[in-house]
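Student:
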Amino acid sequence: MLVTMTDKDIYRLGIIQRVHDHTLLQREAARLLELTVRQVQRVLRRYREHGAASIVSARRGPPGNNRIPED
6 MLVTMTDKDI YRLGIIQRVH DHTLLQREAA RLLELTVRQV QRVLRRYREH GAASIVSARR
66 GPPGNNRIPE D
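Quick note: the sequence shown uses this note's numbering, first residue 6, plus one each step.
1. Could you check which residue in T28, L18 and L29 has the C-alpha nearest to that of V48?
2. Suppose you measure from the CA of I21 to the CA of A57; what does that come to, to the nearest Å?
3. How about T41 and A35: do their beta carbons lie closer than 7 Å?
4. Considering only the beta carbon of each residue, do V61 and D12 sit closer than 7 Å?
5. Quick check on the DSSP output: what are the complete alpha helix (DSSP H) runs of length 4 or more inside the segment 30 to 58, in order along the chain?
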């Protein structure tokens with residue numbers, strides 16, 4: 006699956022990879038990413054289960070068909 010990553014996604018991936026490789030503490034990653042330690046644990050779990058594609062925001066993509074029109 007082809008995934009397009011923003012600079013922010015690439016930065017997040019680098020931090021999460023360092024946590025996964027045990028070269029960075031979760032607490033330090035939380036500070037760098039401006040997240041809580043619990044959120045870092047969730048991101049790390051998704052990364053372990055689904056790989057780098059899990060770092061990309063799930064909210065990205067085409068807008069829904071039932072969206073409210075902008076006036």
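We treat Cβ as the ideally placed atom computed from N, Cα and C, and that holds for glycine. As the structure is a prediction and not an experimental result, all values here were calculated from the model.
Tutor: In short:
1. L18
2. 9 Å
3. yes
4. no
5. 31 to 38 and 42 to 55
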